[in-house]
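Undergrad:
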């Protein structure tokens, strides 16, 4: 069964550095998402992406964050000038076109640790 | 906006016993409902979904859930659990209109199946 893959599985970065989290969505999917889960808290929506542009973003997704689909397969989340509170598990998800209600398929996540 | 409440943060249960994981939601619009499972060090895997129609939906691994509109609930059940069902379970909702497609998650319930 096709999977969403995320790399790296664990990223350790110094505070203030930039980090790029990478995702390869399922190949025929058209909608892409990033979520994050701070340790012990809920999974929170960050941003959705469709047709090469952001379709929706949460209040968490401020100017520090950006997303990009640099080629036909990758979907990246960039965090500029990382802060301690950016430490979390970041999940990428993708969804097929079709009837509404198509479920989102998630990757295994990238654990980001800011030191 | 939507919100999801999972009242039980942890549910210990013995192997082969039945289990119910509770989920209540709040929304001003119609929603789709989902249950995801997260095994240790893995991503979120879809268990089942409710879009419309029959209020009792069956998912993978013997799980089922019942949508109750009057009580705004979507409780997850399994008649006989196995050790391998030990995991974190997340209830999630999404607006069913053409607007926001992001998932809103509950805080999760850790199911601990004991021998």
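Residue numbers (the working numbering), protein chains in the order written: chain A, 1 to 115; chain B, 1 to 115.
Where a beta carbon is used, it is the ideal one built from N, C-alpha and C, also for glycine.
1. Between residue 91 of chain A and chain B, is there a C-beta pair that is closer than 8 Å?
2. Have a look at the DSSP bridge pairing and note the partners of residue 65 of chain A.
3. Give a yes or no on whether 8 Å exceeds the smallest Cβ distance from residue 49 of chain B to chain A.
4. Quick test of your reading: residue 89 of chain B and residue 21 of chain B, contact by CB under 8 Å. State the CB separation rounded to the nearest angstrom.
5. So, for residue 86 of chain A: in the same chain, excluding its five sequence neighbours on each side, which residues have a beta-carbon less than 7 Å away from its beta-carbon?
6. DSSP three-state call for residue 60 of chain A: helix, strand or coil?
7. Identify every residue that forms a DSSP beta bridge with residue 38 of chain A.
8. Along chain A, which residues have their Cβ under 7 Å away from the Cβ of residue 42 of chain B?
9. Roughly how many angstroms separate the alpha carbons of residue 11 of chain A and residue 69 of chain A, rounded to a whole number?
10. Residue 46 of chain B touches chain A at which residues, Cβ-Cβ below 9 Å?
11. Answer yes or no: does any C-beta atom of chain B fall closer than 8 Å to that of residue 61 of chain A?
12. Could you name the residues that DSSP lists as bridge partners for residue 75 of chain B?
13. Residues in the same chain with beta-carbon distance under 8 Å from residue 58 of chain A, minus the five sequence neighbours each way, listed in chain order, please.
14. Starting from the beta carbon of residue 48 of chain A, find every residue of chain B whose beta carbon is closer than 7 Å, and list them in chain order.
15. Please list, in chain order, the chain B residues whose beta carbon lies closer than 7 Å to that of residue 43 of chain A.
16. What separation, rounded to the nearest whole angstrom, lies between the Cα atoms of residue 62 of chain B and residue 67 of chain A?
17. Looking at the structure shown, is residue 3 of chain A part of a helix, part of a strand, or coil, going by DSSP?
18. Please confirm if the region 28-38 of chain A is in contact with the region 91-104 of chain A, defined as three or more CB-CB distances below 8 Å between the two stretches.
19. To the nearest whole angstrom, what separates the beta carbons of residue 33 of chain B and residue 74 of chain B, a pair I think is in contact under 8 Å?
20. Based on the DSSP output, what are the partners of residue 88 of chain A in its beta bridges?
21. Name, in chain order, the residues that DSSP records as bridge partners for residue 110 of chain B.
22. So residue 84 of chain A and residue 65 of chain A are in contact, right, with Cβ under 8 Å, and what is the actual spacing, rounded?
23. So, helix, strand or coil for residue 54 of chain A, using DSSP?
TA: Inspection of the coordinates gives the following:
1. For this step, residue 91 of chain A is matched to residue 91 along the first chain. Answer yes: the Cβ-Cβ gap between residue 91 of chain A and chain B drops below 8 Å somewhere.
2. Taking the first chain and counting its residues from 1, one reaches residue 65 of chain A at position 65. In DSSP, residue 65 of chain A forms a bridge with A:79.
3. Position 49 of the second chain, counted from the start, is the residue given in the question as residue 49 of chain B. It does; some Cβ of chain A falls within 8 Å.
4. Within the second chain, residue 89 of chain B is the residue found at index 89, counting from 1. Within the second chain, residue 21 of chain B is the residue found at index 21, counting from 1. About 5 Å; that satisfies the 8 Å criterion.
5. To locate residue 86 of chain A, count along the first chain from 1; it is residue 86. Take residue 86 of chain A, set aside five residues on each side of it, and the residues of its chain with a beta-carbon closer than 7 Å to its own are 79, 112 and 114, in chain order.
6. For the purposes of this step, residue 60 of chain A is identified with residue 60 of the first chain, where counting begins at 1. Three-state result, residue 60 of chain A: coil.
7. As a first step, residue 38 of chain A must be located in the first chain, where it is residue number 38. DSSP, once it has assigned bridges, lists no residue as partnering residue 38 of chain A.
8. As a first step, residue 42 of chain B must be located in the second chain, where it is residue number 42. The answer, in chain order, is 108.
9. Taking the first chain and counting its residues from 1, one reaches residue 11 of chain A at position 11. Taking the first chain and counting its residues from 1, one reaches residue 69 of chain A at position 69. Going by the C-alpha atoms only, they are around 20 Å apart.
10. Within the second chain, numbered from 1, the residue matching residue 46 of chain B stands at position 46. In chain order: 103, 104, 105 and 106.
11. Start at 1 with the first residue of the first chain, and residue 61 of chain A comes out as number 61. So, not an interface residue.
12. Locating residue 75 of chain B in the second chain gives position 75, where the first residue counts as 1. Residue 75 of chain B is bridged to B:66.
13. If you number the first chain from 1, residue 58 of chain A lands on position 58. Same-chain partners within the cutoff: 44, 45, 46 and 47.
14. Start at 1 with the first residue of the first chain, and residue 48 of chain A comes out as number 48. Neighbourhood of residue 48 of chain A in chain B, by CB distance below 7 Å: 101 and 102, in chain order.
15. As a first step, residue 43 of chain A is located in the first chain; it is residue number 43 there, counting from the start. Within chain B, the residues near residue 43 of chain A are 90 and 105.
16. The residue labelled residue 62 of chain B in the question sits at position 62 within the second chain. The residue labelled residue 67 of chain A in the question sits at position 67 within the first chain. Each residue's alpha carbon lies about 38 Å from the other.
17. Along the first chain, one-based indexing puts residue 3 of chain A at 3. In this structure, residue 3 of chain A counts as coil in the three-state DSSP scheme.
18. Yes, they touch.
19. By 1-based counting over the second chain, the position of residue 33 of chain B is 33. By 1-based counting over the second chain, the position of residue 74 of chain B is 74. That belief holds up - the Cβ atoms of residue 33 of chain B and residue 74 of chain B are roughly 4 Å apart, short of 8 Å.
20. The residue you call residue 88 of chain A lines up with position 88 of the first chain. Under the DSSP definition of a beta bridge, residue 88 of chain A partners with A:112.
21. The count along the second chain starts at 1 and reaches residue 110 of chain B at position 110. Paired residues: B:10 and B:88.
22. The count along the first chain starts at 1 and reaches residue 84 of chain A at position 84. The count along the first chain starts at 1 and reaches residue 65 of chain A at position 65. Beta-carbon to beta-carbon, residue 84 of chain A and residue 65 of chain A are separated by about 16 Å, too far to satisfy the 8 Å threshold.
23. Here residue 54 of chain A refers to the residue found at position 54 of the first chain. Strand, per DSSP.
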